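*Asks:* This is the structure I have questions about; it appears just below.
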Amino acid sequence: MTLGLLGALLAALAYGAATVLQAVGVRRVAALPPGTALRDRARTGWPYAVGLALDALGFLASVAALRTLPLFLVESAVASSVAVTAVLSVVLLGVRLGTAEVVALMVVVAGLTGIALTAAAGPAVRPGPGATWWLLAAAAAVALLLVVGTIDHDRRRGAVVLSVAAGLGFGGVGVAARLLEIPSPFWQLATDGVAWALVAHAVLATVAYGLALARGRVTTVAALTFATETVVPALVGALLLGDQVVPGRGPLAAAAFVATLGGCITLAGCAEPTHADLAPRAGGQAPSDGAPTAPAPQPVSPRP
């Protein structure tokens, strides 16, 4: 169980740092004038690429953790990446957290500790071959939401739909990773439906999250995404995959889960970084959306 907990912690750290870089990269590219060369766009948006690399690291760490830990523990740890983002904002951006944010950070830490103490380690219960088709059907539903959110002319509503799609997609990754069995030899994964479902959910979720960040407020996108990503897989794990808590610790586990999620949502309510922090410095160009500049740097909300 110790290795699994370390994997969950590494995933939270990687995702928390990745969110800061992804948000900066998306907004910097969006601030470029129309017709900017692809090479210049890539050079300006390099933080997003680094963020994707950290996402990949966090993904591998979370998959490793899910081999032995229940979904509600790992997904809660991933959602706590918002706390990592808040701390990095203080260290790197000089942000000053208010009393509510400091309390929320302590609640997240306490909640994760409670979850770790109550979770019962063990592999998931295989629900049968039909699980593969359900996972693939869920990926199709995420793809449909992705299309609906993308073509919606109302940017705010589209961002909400895309955020939910991202949360469901990342949640699908967690469920698939929990069910995945590594064959010997490993190359037989190429014919495993669960592995294909995992890849489909990961790709769809990453695309949906990137589009949501470009359309909506980082805080709103992050809150909707990790709330969906945390709650839905936790329910699936408890109801269908045999995820359990230590006997007699059910109430503590429920309280810790609610506290962790509530603390994460509170942190996600912090204002996002100012446009001055995210826009390119050269020439003092303002963001293309014409939004006013906030008076001080603020923390970026996370991508779980």
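Position one of the sequence shown corresponds to residue 38 (the numbering used here), numbered consecutively onward.
No residue lacks a Cβ here, since even glycine has one placed at the ideal position from N, Cα and C.
Computed from a prediction, not measured in an experiment: that's the story for all the values here.
Would you identify the three-state DSSP class for Val282, choosing helix, strand or coil?
*Replies:* Per DSSP, reduced to three states, the secondary structure at Val282 is strand.
*Asks:* Hey, quick one: how far does the alpha helix (DSSP H) through Glu138 stretch, first residue to last?
*Replies:* Here the alpha helix (DSSP H) through Glu138 covers Thr136 to Thr155.
*Asks:* What is the residue span of the alpha helix (DSSP H) that Trp224 lies within?
*Replies:* Run containing Trp224: none; DSSP gives neither H nor E here.
*Asks:* Would you say Leu248 and Thr187 are within 8 Å of each other, going by their C-beta atoms?
*Replies:* yes
*Asks:* Exposed or buried, what is Gly165 when buried is set at 16 or more other beta-carbons lying within 10 Å of its beta-carbon?
*Replies:* exposed
*Asks:* How many angstroms separate the CA atom of Trp171 from the CA atom of Pro71?
*Replies:* 42 Å
*Asks:* Relative to the alpha-carbon of Gly253, which residue among Val115, Leu91, Thr150 and Arg192 has its alpha-carbon at the smallest distance?
*Replies:* Arg192
*Asks:* Mapping DSSP to helix, strand and coil, what is Ala308?
*Replies:* Bear in mind that a pLDDT of 41 at Ala308, under 50, signals an unreliable position, so the number given afterwards is only what the model happens to contain. DSSP places Ala308 in coil when its eight states are reduced to three.
*Asks:* Measuring alpha carbon to alpha carbon, tell me which of Met143, Ala67, Ala153 and Thr122 ends up nearest Leu108.
*Replies:* Comparing Cα-Cα distances from Leu108 to each of Met143, Ala67, Ala153 and Thr122, the minimum goes to Ala153.
*Asks:* Is the stretch 266-286 touching the stretch 109-127, taking contact as three or more C-beta pairs under 8 Å?
*Replies:* yes
*Asks:* Taking the continuous alpha helix (DSSP H) assigned at Pro84, which residues delimit it?
*Replies:* Run containing Pro84: Trp83 to Leu103, per the alpha helix (DSSP H) assignment.
*Asks:* With distances taken from CA atoms, which of Phe294, Thr243, Ala275 and Leu276 is nearest Ala264?
*Replies:* Phe294
*Asks:* With distances taken Cα to Cα, identify the nearest neighbour of Val66 among Pro84, Ala54, Ala49 and Val236.
*Replies:* Selection Pro84, Ala54, Ala49 and Val236 evaluated against Val66 yields Pro84 as nearest (Cα-Cα).
*Asks:* With burial defined as no fewer than 16 other Cβ atoms inside 10 Å of the residue's Cβ, what is the status of His348: buried or exposed?
*Replies:* It is not possible to answer for residue 348, since the shown part of the chain is limited to 38 through 341.
*Asks:* Where does the unbroken alpha helix (DSSP H) through Gly206 begin, and where does it stop?
*Replies:* Element bounds for Gly206: Arg192 to Leu216.
*Asks:* Contact check, Ala259 vs Val63 under 8 Å by CB: the rounded distance?
*Replies:* Incorrect: roughly 13 Å between the Cβ atoms, too far for contact.
*Asks:* CA-CA distance, Leu42 and Ala296?
*Replies:* 19 Å
*Asks:* By alpha-carbon positions, which one of Gly167, Val162, Leu134 and Leu199 ends up nearest to Gly230?
*Replies:* Minimum Cα distance to Gly230 is reached at Gly167.
*Asks:* If we count the other Cβ atoms within 10 Å of its Cβ and call it buried at 16 or more, is Asp314 buried or exposed?
*Replies:* In this prediction, Asp314 scores a pLDDT of 44, lower than 50, which makes its location untrustworthy; no coordinate-derived value is stated.
*Asks:* Which one of Thr73, Glu218 and Leu199 has the shortest CA to CA distance from Val244?
*Replies:* Leu199
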